[in-house]
Structures are given as structure tokens and as C-alpha cells.
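**Student:** With mature numbering (1 follows the signal peptide of the UniProt record, and there is no 0) applied, the sequence shown corresponds to residues -30 to -1, 1 to 482, in that order.
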Amino acid sequence: MQCNGNITIMAKKQMLLTLLVLGLFRRYDALWCNCTTAQCQKTGSQCETDGACMASTSFIDGQEQHIRICITRDKLVPPGQPFYCLSAEGLLNTHCCYTNYCNSLDLKVPSVTLRPGLGGGFGPDGTWGPVELVAVVAGPVCLLCVLLIMAVFLFQYHQRAYSHRQRLEVEDPSCDHLYMAKDKTLQDLIYDMSTSGSGSGLPLFVQRTVARTIVLQEIIGKGRFGEVWRGRWRGGDVAVKIFSSREERSWFREAEIYQTVMLRHENILGFIAADNKDNGTWTQLWLVSDYHEYGSLFDYLNRYSVTIEGMIKLALSAASGLAHLHMEILGTQGKPGIAHRDLKSKNILVKKNSTCAIADLGLAVRHESTTDTIDIAPNQRVGTKRYMAPEVLDESINMRHFDSFKCADIYALGLVYWEITRRCNAGGIHEEYQLPYYDLVPSDPSIEEMRKVVCDQKLRPNVPNWWQSYEALRVMGKIMRECWYANGAARLTALRIKKTLSQLSVQEDIKV
Ligand SMILES: *[C@@H]1O[C@H](CO)[C@@H](O)[C@H](O)[C@H]1NC(C)=O
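#1: Assuming Leu319 and Leu405 are in contact, meaning their beta carbons sit under 8 Å apart, how far apart are those beta carbons, in whole angstroms?
#2: Could you spell out the range, first to last residue, of the alpha helix (DSSP H) harbouring Phe375?
#3: State yes or no: is the C-beta of Gln33 nearer than 6 Å to some heavy atom of ligand 1?
#4: Please list, in chain order, all residues of the same chain as Asp342 whose beta carbon is under 8 Å from its beta carbon, the five residues on each side excluded.
#5: With H, G and I counted as helix, E and B as strand and the rest as coil, what does DSSP make of Asp245?
#6: From which residue to which residue does the alpha helix (DSSP H) around Phe195 run?
#7: Enumerate in chain order the residues of its own chain whose CB-to-CB distance from Ile346 is below 7 Å, with the five nearest sequence positions on each side excluded.
#8: Would you list the residues whose beta-carbon is nearer than 6 Å to any heavy atom of ligand 1, in the order they occur in the chain?
#9: Closer than 8 Å is the cut-off here; do at least three beta carbon pairs connect the stretch 310 to 324 with the stretch 269 to 287?
#10: Can you give, in chain order, each stretch of the beta strand (DSSP E) that sits fully within the stretch 7 to 77 and has at least 3 residues?
#11: Does DSSP put Arg202 in a helix, a strand or coil?
#12: Give the straight-line distance between the Cα atoms of Met446 and Ser413, rounded to the nearest whole angstrom.
#13: Whole angstroms are fine: how far does the CA of Trp203 sit from the CA of Lys448?
#14: Return the first residue and the last residue of the beta strand (DSSP E) that Ile318 is part of.
#15: Classify Ser144 as buried or exposed, calling it buried when 16 or more other Cβ atoms lie within 10 Å of its own Cβ.
#16: Provide the residue span of the alpha helix (DSSP H) that contains Ile417, from first to last.
#17: Buried or exposed: Phe125, going by 16 or more other Cβ atoms within 10 Å of its Cβ?
#18: For Ile367, write down the residues that DSSP places opposite it in a beta bridge.
#19: Would the beta-carbon of Phe195 fall within 7 Å of that of Phe222?
#20: If you compare alpha carbons, which of Thr325, Lys316, Ile278, Cys377 is closest to Arg444?
#21: Can at least three beta-carbon pairs, one atom from the stretch 389 to 405 and one from the stretch 434 to 444, be found at a separation below 8 Å?
#22: In this structure, does DSSP put Ile227 in helix, strand or coil?
#23: Scan the stretch 275 to 342 and note each continuous beta strand (DSSP E) run of 3 residues or more that stays entirely inside, going in chain order.
#24: Helix, strand or coil for Phe184? Go by DSSP, reduced to three states.
#25: Quick check on the burial criterion: 16 or more other C-beta atoms within 10 angstroms. Buried or exposed for Ser339?
#26: Considering only C-alpha positions, which residue in the set Arg273, Ile184, Gln11 is nearest to Gly205?
#27: Secondary structure at Thr253, three-state DSSP: helix, strand or coil?
#28: Which residues in the same chain as Val411 place their Cβ atom closer than 8 Å to its Cβ, once the five residues preceding and following it in sequence are excluded?
#29: How far does the beta strand (DSSP E) with Cys3 in it reach, from first residue to last?
#30: In the DSSP assignment, find the unbroken alpha helix (DSSP H) run with Val476 in it and report its ends.
#31: Distance check for Met120 and Leu186, CA to CA, integer angstroms please.
#32: Using C-beta distances below 6 Å, list every residue in its chain close to Ser315, excluding the 5 sequence neighbours before and after it, in chain order.
#33: Determine the closest residue to Gln11 out of Asp312, Arg38, Arg461, Ile308, with distance taken between C-alpha atoms.
#34: Just tell me which of Glu197, Val116, Leu117 has its CA closest to the CA of Asp330.
#35: Return the CA-CA distance between Val104 and Ile41, expressed in angstroms with no decimal places.
#36: Do you know whose CA, among Leu46, Glu188, Asp245, lies nearest residue 487's CA?
Next up, the structure:
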């Protein structure tokens, strides 16, 4: 029984195949059809083809349209039931045929109750020859294959989209032309904005357009919230921080802080654009900023030692950036005081001219001076444990007082200065790079481990004696100690540090 069945199926398959091949080559000669397109006007409303004639009547938006065209053989896919010859119930009544001027007939306006013979579009008389039968059987199979192939393509496309390598298309070019003249560079755009606008950066729709025309190149880092990529925009490099969709709040917060009016400063990472794009499957959250090829101060110090001049430039520029961040500027074009709360060498970038740009403002808080409040409810202990100030570690920090957060930043700045100064090459001596407290706590210290060292034992990174022999190193050592007081209020301010280092740079005859 079973055996018999198999043979029958095999035989059928063979026959179908033969018929299919025959069907494909059945009509080889040129075929003339009636034609309604504009190009056919010259040839007397007719066209010649190696494929089929097609007539179609559609009823779309209350309008009846009649089309007669030629279809070339290579467009008759899938064989047996070409897409070009399909009807759509109620919308489109299509008929393909294979004799001269066979598409001269007038098709009825499609209705929901079509005669089945007409919809399928086989033989002009609506009879079912062997070829049509084959088509009926093979058609759905081929359709299935095509759908499968399309599914595979779609999947691959999504895969590629996921690795963000695709060029994101511009979606709303409505009024961008005002700002997006082809020859404008990002610097021009941002300059335009900061001179005419609010000083908080590009308008949102321009940000979106910029973000969606960036071509991502390579991943350059992974952080707490997602990945950082190098991207290209109009021939220049930009950095793109891509947040995972779980981190929407972090993305929003960081974008919000960067767009604080008057935040732009040469020693704060230049913000370019924020964009959230929902593609149906997931939300892409982008933060676009200036790109600095040296990377973070942490990377820089690991790779290079610095001269006395280099050290002062790094330290002074970091202090300038932090002073600008902390400073409150009054007036309508003013800026609120901002505390960073996660200052460390990995969150400071080194620019081409070997000065610093403070980055990663995602945990920052702003001071509302009119009400003397902080713009978000600051949670207890955020940031990097290794860089936490003693009052943060033992939770004695007064979080209602905005200045407390600035003092905690200064403590962290002192640790960064220690990292820089160790790498200073004076008289042929310099030390290897180390993280602060590298000799006192394990690699990923807990708050408890840090608290024991910093609060209970009151230990601080070691300031070697030989630094006393060089004026610049001596000044740096003194600043550090005054950044590390247990009492936050006793520490230096960023502005004070900036002034001290400016004087030092004049003394050392350094051009900054
Ligand atoms: C189709 O073309 C033939 C030959 O040119 C012509 O006689 C006939 O009227 C045309 N039919 C229509 C509907 O235009």
C-alpha cells in the first residue's frame, strides 16, 4: 500500500516537472499585446514581448483604471503564478494571456464575487489545461519558497540592523534644509546654533537628522549603559553612545544634562545630538558627541607618560572643565550649577591638543538656585566606588545641600591628579600607571572595603617624597592633599585649583 503510494507520487512529480519545463518554453515567439503606457504611444499603443500580455482593471479610491501592458519573460516569476498576473479581491482584476492582442478584452471592475477562472488568469477561455493544472499545483509551492527566501532576507536585514552597521535613512527631511545645507560641517551647525539659539545646542529635529545620517564604523568601548561607537558624518568622526533600551532613563537624563543652556565649554565633551528611534522591534537610543581619538584619560595614561608641561595642561584643563560645570551663571542666558558625581579618569577624554574634556554626565545633578533644590532626587551612592568621597562612603553627605556634591567631585579630581602626576616624566623618573588605591583595595572593591580604607584608616594614595624636588610636582601634591580632606567643606574649589594651576603654568612658561 505504502510502496504503491510512493511510486504514484514519484511519477506525478516527474510528470509535473516535465510539464513545467514544457510550460516555460511553450511560447517562444514574439508576442504582440495592446499597450496603454505612455511609451507605447509611439508604437501605436502596442508592444512586443517574449513573455505575456496583461490586462488589469483596478478600482482604487473610487477610481476605475484600465491597464494593458507587456510582461517580459524574466518578470514572469514565480512560474505558473507570476506576481504580475495576480488579482486582489475587490481591488484588482488581472489577466495574463499568451496570444496576440489577447489583452484587448475589457475586464470587469473587480468585485468581491469574481468568477474563479478570471481571477487566476490562466487560459483566455478560462479552461484548465495541463499547464494550468501544473501552475495551480506548483504556484503555491513556489510562492512558499519565495516567502521563505524573503523571510531569510528580512532576518538577515534585522541582524545587520542590530549591529547598527546600516546607514540610517533620513526620515523627516521636512524643514531641515534650512540647517542642513550640504556643505555645512557639524562645527558650522553648532556654531550657528550657539550664536542664534539658546546656547543649548542644535534644535531637536536637526539632532535627529544628524543622528540618522551617521554611518557607524567601529565599536570603541563598552560602558555601564551600552556601547560607544565611532561614526562618520559628512566626512568627520563623531562618537555615538548607544544605550540599551532598558536604559532609556539614563539616556534621557544624560541628553537632558548635555542640553542645559550654556553648558558648552572646550573642556566639557561637545554634545551633538540625541535621538530615539523606535523601529518596531526595539528602541535605539543614541547620544552623539565629538570624537576624540586619544580616548579616555585612563587609556592615555596607560599608554603614555607625560612631561611636566603635559601634566599641567591635562590638570589645568580638567579643572577648567569642572569649574565651568560647577559654576552657576545667573541671568536668562545663565547656567545652573552642575555636579558630576562620577568623575574618574575613564570619564575624562583627551583631546588632540592634549587637553581634557569631561564626559559622561549621566549621573550629574543640577542646582535650582531660586528654590535651592536639586533637580532630581539624588539617590544615595551612585558613581564608581573607588572614587567615592569619604562622606559618600559612610553616607554622612548632606544631600539637601548642593555644594556637598561639588566637594565630592573635588575629592575625585584629586585622585585623577594623582593618576596623572605619577605618569609625569621628571628627570627621567616616572612611575607605571596605577588606579588610585591600587595597593590598598582589590580590583573591584566593595563599598565596605573602600570605607574601611578611606574613612576608618583614613588612608589616601601615596604622595612620594621625591615630588618635592620639582616645583610642578610639589604643587600637584599639595593640591591633591587639599582635595582629599575628610571634611568636604575644607577642600579646594575647582576655581581655586584652576587659578593655582594657571599660575603654575605661567611660572613654568607653558602656553595653554
Ligand atoms: C488592441 O490592439 C488591436 C490591434 O492593434 C486593436 O485592433 C484593438 O482595438 C486594440 N484593443 C483595444 C481595447 O485597444
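Even glycine gets a Cβ: it sits at the ideal position worked out from N, Cα and C.
**Tutor:** So, from the data block:
#1: Not really, about 18 Å apart at Cβ, beyond 8 Å.
#2: 372 to 392
#3: Because no heavy atom of ligand 1 lies under 6 Å away, the Cβ of Gln33 does not count as near it: no.
#4: Phe372
#5: strand
#6: Note, Phe195: premise wrong, no alpha helix (DSSP H); not H, not E.
#7: Val335
#8: This criterion selects Asn4, Gln16, Tyr71, Ser74.
#9: yes
#10: 16 to 19, 22 to 30, 33 to 41, 62 to 67
#11: strand
#12: 26 Å
#13: 44 Å
#14: 318 to 320
#15: Residue placement at Ser144 is poorly supported in this model, since its pLDDT is 41, which falls under 50; the coordinates still yield a value, given next. Ser144 should be labelled exposed.
#16: Start and end: 417 to 421.
#17: exposed
#18: The partner list for Ile367 (beta bridge, DSSP) is empty, contrary to what the question assumes.
#19: no
#20: Ile278
#21: yes
#22: helix
#23: 318 to 320, 326 to 328, 335 to 338
#24: The question names Phe, but residue 184 is Ile in the sequence shown. Ile184: coil per DSSP, three-state reduction.
#25: exposed
#26: Ile184
#27: Here Thr253 sits in strand by DSSP.
#28: Arg356, Glu419, Met420, Val423
#29: 1 to 4
#30: 464 to 477
#31: 26 Å
#32: Leu267, Phe268, Val386, Glu389
#33: Arg38
#34: Glu197
#35: 21 Å
#36: Residue numbering for the chain in the displayed model covers -30 to 482; residue 487 lies beyond these limits and cannot be assessed.
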